[in-house]
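>
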Amino acid sequence: MTKVLVATEKPFAKVAIDGIRKEVEAAGFELALLEKYTEKSQLLAAVADAEALIIRSDKVDAEVLDAAKKLRIVVRAGAGYDNIDLAAATAHNGVAMNTPGQNANAVAELALGLMVYAVRNLYNGTSGSELMGKKLGIHAFGNVGRNVARIAKGFGMDVYAYDAYCPAEAMTVAGVTPVKSAEELYEKCQFVSLHIPATAETKGSIGYDIVKRMPKGGVLLNTARKEVIDEAGLIKILSEREDLKYMTDIKPDADADFAAKFAGRYFATPKKMGAQTAEANINAGIAAARQIVDYIKNGVEKFRVNK
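In short: position in the sequence shown from 1, add 171, done, that's our numbering.
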């Protein structure tokens, strides 16, 4: 019987596990759980006889894949997948997938919440401003970016987007104005919401030179990845321009410096929490189970992220 292992240091909600179990057992597979594990050795032992693996933020590196002699597929329940060693997965003849779009609304709602928090001066009791009529730039128009656009239009914002890999027509159909470069986006928009992945091209790309282009009162929001920020460059521009704010749900390495130097203009959540809603938790987990079943039974690789 095909064994599907759910290995999560931070467990899924019970309702999500119930949904995963229903999908797995309906396919005639066996479900095994490793929850709240504290040592990597526990994961290494658990994967030994698993043919499929569902994870959240858990790391699947070459050592884990070496231990998983029968593993055919690993699915990250969520959009990001930098916690999986893709090259190692390929070397082990395994398939790695993510579940794009399942937590997109949750992340988008948080991004808008951070915008409101910023313009209301972190709810400190002073007079703030409104989002209506302001220009929002969305940097990368994927699943999350599209949801940010949808919600922002409900606030009455004028929405622009830049994405080198998304056709301008797709943005226009969504009621969003496309721009031709990231530089144009930052120059035009008081608010910029980051939704770019952490790649060799994007790591450290958001720093002094591009943020300095933002209009007076600019607010940079990051619910994407910590690695895309050039922290030294961002600290430099925030020091030079007291009108700028930075809001994020990924605490920077230099969090203490940001907090000390930019009180009232900087906020970071205690941990990454864009996808931390009950609905996203359930959706991503069940989607992961369905993708495993579809791959093992039918060979479907639609959401494969390794080559």
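Beta carbons: idealized from backbone N, C-alpha and C, even for Gly. Just so you know, these numbers come straight off a predicted model, no measurement behind them.
Could you round the C-beta distance between L307 and V330 to whole angstroms and report it? I think they count as a contact, below 8 angstroms.
5 angstroms
> Please go through the stretch 259 to 307 and give each complete beta strand (DSSP E) segment of 3 or more residues, from N-terminal end onward.
266 to 269
> Report the residue ranges of all alpha helix (DSSP H) runs contained in full by the stretch 392 to 446; include only those spanning at least 4 residues, in chain order.
You should have 402 to 411 and 426 to 432.
> If you reduce the DSSP assignment to three classes, tell me which class Y333 lands in.
Y333 falls in the strand class under three-state DSSP.
> Using a Cβ-Cβ cut-off of 7 angstroms (strictly less than) and excluding sequence neighbours within five positions of P271, which residues of its own chain qualify?
A250, N314 and F474
> My output table needs one value for R247: the three-state DSSP class, helix, strand or coil.
strand
> Give me the Cβ distance between V290 and G299, rounded to the nearest whole Å; I'm assuming they're in contact under 8 angstroms.
5 angstroms
> Based on the DSSP secondary-structure assignment, which residues constitute the bridge partners of T179?
E206
> With the cut-off set at 9 angstroms, would you say V347 and A332 are in Cβ contact?
At a Cβ-Cβ threshold of 9 angstroms, V347 and A332 count as neighbours.
> Compute the Euclidean distance between the alpha carbons of T297 and R436, then round it to the nearest angstrom.
13 angstroms
> List the endpoints of the continuous beta strand (DSSP E) containing V231.
For V231, there is no enclosing beta strand (DSSP E), as DSSP gives it neither H nor E.
> What's the call for Y466, buried or exposed, on a 16-neighbour Cβ count within 10 Å?
Buried, since its Cβ has 16 or more Cβ neighbours within 10 Å.
> Whose C-alpha, out of A369, R317 and A258, is nearest the C-alpha of A267?
A258
> What separation, rounded to the nearest whole angstrom, lies between the Cα atoms of K407 and K422?
18 angstroms
> If you compare alpha carbons, which of V350, V390, V319 and A233 is closest to N254?
A233
> Which residue comes first and which comes last in the beta strand (DSSP E) that contains V363?
F362 to L365
> According to DSSP, simplified to helix, strand and coil, what is V390?
strand
> Quick check on P441: buried or exposed, where buried means 16 or more other Cβ atoms within 10 Å of its Cβ?
exposed
> Have a look at A219 and L236 and give me their C-alpha separation to the nearest angstrom.
The straight-line gap from Cα to Cα measures roughly 9 angstroms.
> In chain order, what residues of the same chain lie with their CB nearer than 6 angstroms to the CB of F433, ignoring the 5 residues before and after it?
L409
> Just the C-alpha distance for R184 and Y208, rounded to the nearest angstrom, thanks.
For the record, residue 184 in the displayed sequence is Ala; it is not Arg. Going from the Cα of A184 to the Cα of Y208 covers about 16 angstroms.
> Out of curiosity, what's the CA-to-CA distance linking K443 and M172?
Taking the straight line joining both Cα atoms gives about 36 angstroms.
> With DSSP collapsed to three states, give me the class of A223.
When secondary structure is reduced to three states using DSSP, A223 falls in the strand class.
> Can you tell which of K397, G445, K416 and A449 has its C-alpha closest to the C-alpha of A425?
K397
> Taking buried to mean at least 16 other C-beta atoms within 10 Å of its own C-beta, is A262 buried or exposed?
The residue in question, A262, is exposed, as its Cβ has fewer than 16 Cβ neighbours within 10 Å.
> Pick from V175, A260 and T419: whose alpha carbon is nearest that of V390?
T419
> Taking 9 angstroms as the cut-off, decide whether the C-beta atoms of A221 and L176 are in contact.
yes
> For A476, which residues in the same chain have their Cβ closer than 7 angstroms to its Cβ, ignoring the five residues on either side in sequence?
In the sequence as displayed, the identity of residue 476 is Val instead of Ala. Around V476: Y252, L257, A267, M268 and N269.
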